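Encoded as structure tokens, the structure appears first; notes follow it.
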Amino acid sequence: MADQAPILELQNVDKSFGPIDVLSDINLKVHAGEVLCLLGDNGAGKSTLIKTLCGVYTPTRGKILMDGKEVHFTRPRDAQEMGISTVHQFGGTFPLMSIGRSFFVGVEPTKGWGPFKRFDRKTANEISVKAVQDFGITRIDDGDRLVGGLSGGERQSLAIARAVHFGARVLILDEPTAALGVKQASHVLRIVNEAKKRGLAVIFITHQVMHALAVGDHFAVLIRGKLAANFMKGEKSREEITDLMAGGEDMATLEAQIAGEDTELHSPAHVRTSQQD
Amino acid sequence: MSTQSSSGPAGFSLGALARRPETGTVIGLLVVYTFFAVLGGPVFMGAPGWSSWLNIAAEVGIIALPVGLLMISGEFDMSVGAVVPASSMMTAMLAGHYGLPAMIAICGGLGVGLLVGFVNGLIITRTTIPSLIATIGMMFAVMGLTLGFAVLIKGSTSVSYVPDPLTKSLLGQFINGMFSVSILWWAGFVAAYFWFLHISPIGNWVFALGGEKESARNAGVPTNKLTIGLFMMSGFSAAFVGVAQVMTYQQAQVAGGQSFIFNSIMCVVIGGVLLTGGAGSVVGIVLGTMTFTIVNQGIFFASLDPNIGSIIIGVLLLVAVLSNDTFRALALSYATRKK
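Below is the structure:
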């Protein structure tokens, strides 16, 4: 892994909104075939960091490098063209469109010639269904189905399959498992693994330590806009990571929380806090 | 996969048909038509009846199509009600008052629509004003300008113009003395909009735009250009109706046209387009337009109190919105069932 330049690298990145420093001095590297888990409590700056990576914000100071070369993103499209794809919590898809149609929004396959180009529904449906099935979601077999009829996990999977199909090299997953039940979440985690096997760099944002430990190779913990920890798999225990996420304060409360997490990982409280993000 | 009967990829089934949002509209249309056919008798079912509602449907229908497309994309256009008289006034002024050739006057009238649509689009894409408010503002501004210029130039609120026979036969003729030539134009507009929304790749953008604007933009849809384009279509279509009115009635009036605002929206909603955007179809809009105008005209043939017609339309609208929601829920639930 170390012999190649990382696909995406942040060097001393700061981001301020007026007098407020949201991110300060962030250094991060992601390699191909690696899952970087970005952990942090609400308000730690995770969202700002993602938005900086995918071109919504430009860093106030510091550099973003891709394949060792500095890049500047002025809008999300720039980042997308470089192969950085973001999948949001609810999949970012269109609930009332068919799978085939929503898969190809903006890049519609066409038949015919000149002004008489027609949307090629058959091709769109075939390609989109195949792309999702290749990721192991075999329940999706009809491209005419509406996206809104899929389960949360299936929608995430569809969005990830779409990103991979259109040549993403870096996949940013923003809390993909936050609103999902145990089964659906494991679906998505399996797909994250599959994307990693295909050589993508995955940035997996979560505040569920269990999910992070299940797929992560590399962990970064954000606390109040600063990188509080940056370590590889196996270097720290789950307790230490959870401790870090909570800022190392109030051990007694923390331990109670950890005990709670074992039994009620998907309690409504988790869902609620994540949706406020 | 081969054993599936109702949800196979290429299968056609009653279940799938029942989940199409147009189904409710077809049922509504049949019920309404049967109701008035029984009350109105052979006159309503014959040529006089058909011509009376088709003539109205053609005018509203031409405007309802782009209004529906805008609604699918998540926007409203209330300014159509002011564009109709503005464009007919422009056409009558250029041809009737200044004596310019009909072709130039028609282009002038249509130009008014395109310009209003363009400005609407600019306001909506450049500011955060919701389209409902922006186009209401536009409607009043255009109404004021129309009245102001008419009084300033002509000193009157109506301008007359007698079109040459060719123009008259293309835009303002009654076939067999009953059926307005606009019905054929409506059919043409339906075909063009159907192609645009359901067959061309750009139609996909309209649905995506109404589904979620941010995602559509991130996927590479030129959302601003598309929105401006859709508003220009709606301005153009409303202006076309205005121009056709001059050729039909040989006169342009400053007032009139406001009825198109609510009527077009009702046609669209009865036709199964979701008020919140993201779903709808051209076939649905056409069916909704027919349903609306059958009630509108059927009242006279059934010799009922016209107020009853308004009540029927009101109820129809409420039922339509409810059933749109139900059909949407059905369509969404279709895939979540476990096999």
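Just so you know, the protein sequences line up as chains A and B, in that order. Numbering of the first sequence is given in the working numbering, commencing with residue 44 and proceeding in unit increments. Numbering of the second sequence is given in the working numbering, commencing with residue 967 and proceeding in unit increments. For glycine and all other residues, C-beta sits at the position ideal for the given N, C-alpha and C. Here the structure is a predicted model, which is why all the values come from computation and not from measurement.
F209/A at chain B interface by Cβ criterion, 7 Å: no
Chain B within 7 Å of L139/A, Cβ atoms only: yes
Proximal residues of chain A, C-beta to C-beta of R1294/B below 8 Å: L139
Proximity of S1124/B and Q1217/B at Cβ, strictly below 7 Å: yes
Beta-carbon spacing of G1264/B, G1006/B below 7 Å: yes
Contacts of A1245/B in chain A (Cβ-Cβ under 7 Å): L139
Residue-chain proximity (F162/A, chain B), Cβ-Cβ < 7 Å: yes
One or two residues paired with D64/A in a DSSP bridge: S59/A
Residues of the segment 1265-1290 of chain B whose Cβ lies closer than 8 Å to any Cβ of chain A, in chain order: none
Inter-residue Cα distance where the pair is A1061/B and D1130/B: 11 Å
Neighbourhood of A45/A by C-beta distance below 7 Å, restricted to the same chain and skipping five residues each side: Because A45/A carries a pLDDT of 48, less than 50, the predicted location of this residue cannot be relied on, and the following value inherits that uncertainty. Result list for A45/A: empty, nothing under 7 Å.
Contact with chain B by L149/A, beta-carbon distance below 7 Å: This sequence places Gly at residue 149/A; Leu is not what is there. Yes, G149/A counts as interfacial toward chain B.
Proximal chain B residues relative to G191/A, where beta-carbon distance stays under 7 Å: L1298
C-beta atoms of P1051/B and G1223/B nearer than 7 Å: yes
Which listed residue (I183/A, R120/A, L139/A) has its alpha carbon closest to that of A1295/B: L139/A
Exposure label - L53/A; buried when at least 16 CB within 10 Å: buried
Cut-off 6 Å between Cβ atoms - residues of its own chain near V1049/B, not counting five sequence neighbours on either side: G1079, V1082, G1201, A1204, A1205
Buried versus exposed call for A1024/B [16 or more other C-beta atoms within 10 Å across all chains shown]: buried
Close-in-space but distant-in-sequence residues of the same chain around T1257/B (CB under 6 Å, 5 per side omitted): G994, L995, V998, I1236
P1167/B at chain A interface by Cβ criterion, 7 Å: yes
Alpha carbon of K160/A to alpha carbon of S200/A, nearest angstrom: 30 Å
Contact residues within the segment 94-126 of chain A, judged by C-beta distance below 8 Å to chain B: P119, R120, Q123
For V1261/B and L1282/B, believed in contact at Cβ under 8 Å, the rounded distance: 7 Å
Within chain B, the residues that T41/A reaches when beta carbons sit closer than 9 Å: The requested residue 41/A does not occur in the structure, where chain A is confined to residues 44 to 320.
Stretch pair the segment 1029-1041 of chain B + the segment 1239-1250 of chain B: three plus CB contacts closer than 8 Å: yes
Pair within 7 Å by beta-carbon distance, L232/A and A257/A: yes
Where A1182/B meets chain A, residues with beta-carbon distance less than 9 Å: F137, V148, G149
Selection from M1055/B, T1101/B, G1177/B, A1071/B that minimises the alpha carbon distance to F137/A: G1177/B
Chain B contacts made by the segment 192-206 of chain A, where a contact means CB separation under 8 Å: G192, L193, S194
At least three beta-carbon pairs within less than 8 Å, the segment 1189-1196 of chain B to the segment 1082-1097 of chain B: yes
Backbone CA spacing between L1163/B and R205/A [nearest angstrom]: 23 Å
Per-residue burial, Q227/A [other beta carbons within 10 Å of its own, 16 or more giving buried]: buried
C-alpha gap between E1180/B and I1141/B, whole angstroms: 48 Å
Contacts that V1187/B makes with chain A (C-beta to C-beta distance below 7 Å): V148, G149
Alpha-carbon spacing of V235/A relative to P1167/B, whole angstroms: 31 Å
Contact with chain A by G1177/B, beta-carbon distance below 7 Å: yes
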